[in-house]
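Here the structure is laid out as structure tokens; the discussion comes afterwards.
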Amino acid sequence: MTTERLAYFLREWNAAIRGYEEADRKFRRITADYLAQADPTRPVRTVTSRRQHEGLTVVDATHLARQDVNRKQAAAARQHFAERAVMYGISALVDVLCRDDDEAG
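Under our numbering, think of the first position of the sequence shown as 1123, with each following residue one higher.
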């Protein structure tokens, strides 16, 4: 029973790690897509209100990225899978420690 439970915890832990990595890749890709639109030569603040540069400032691109619904969903998924990975990792560790105690006692 303990071996089956440990195998279950490890499978779920592995699935959570893969889910986290996938969500993290999506999060980073969306952020990079917005930052790629930024014009690094465009100053963040200008004295005049005239637009002399084309493209977004880095601040504007970052602000737009933070508002992106898909990026918010990726961030939430990343957090969800991180919490699952911690939970199942701790569960597997506790299971191993309990088994060691049972075998020693």
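Here a beta-carbon is modelled for each residue, glycine too, at the ideal position from N, C-alpha and C.
Mind checking which residues open and close the alpha helix (DSSP H) that includes residue i?
i, result
"residue 1184", "1180-1189"
Compare the C-alpha of residue i against each of the options and name the closest.
i, options, result
"residue 1142", "1210, 1219, 1211 and 1203", "1203"
"residue 1148", "1196, 1205 and 1159", "1196"
"residue 1302", "1184, 1210 and 1221", "In this structure the chain extends from 1123 to 1227, so residue 1302 is not present and cannot be described."
"residue 1132", "1206, 1225 and 1220", "1206"
For residue i, does the three-state DSSP call read helix, strand or coil?
i, result
"residue 1139", "helix"
Any idea if residue i is buried or exposed, counting beta-carbon neighbours within 10 angstroms, 16 or more meaning buried?
i, result
"residue 1171", "Note on residue 1171: pLDDT 49, under 50, position unreliable in the model; the coordinate value appears next. Classification of residue 1171: exposed, given that the 10 Å Cβ count is below 16."
List the DSSP bridge partners of residue i.
i, result
"residue 1097", "With the chain running from 1123 to 1227 in the structure shown, residue 1097 is simply not present."
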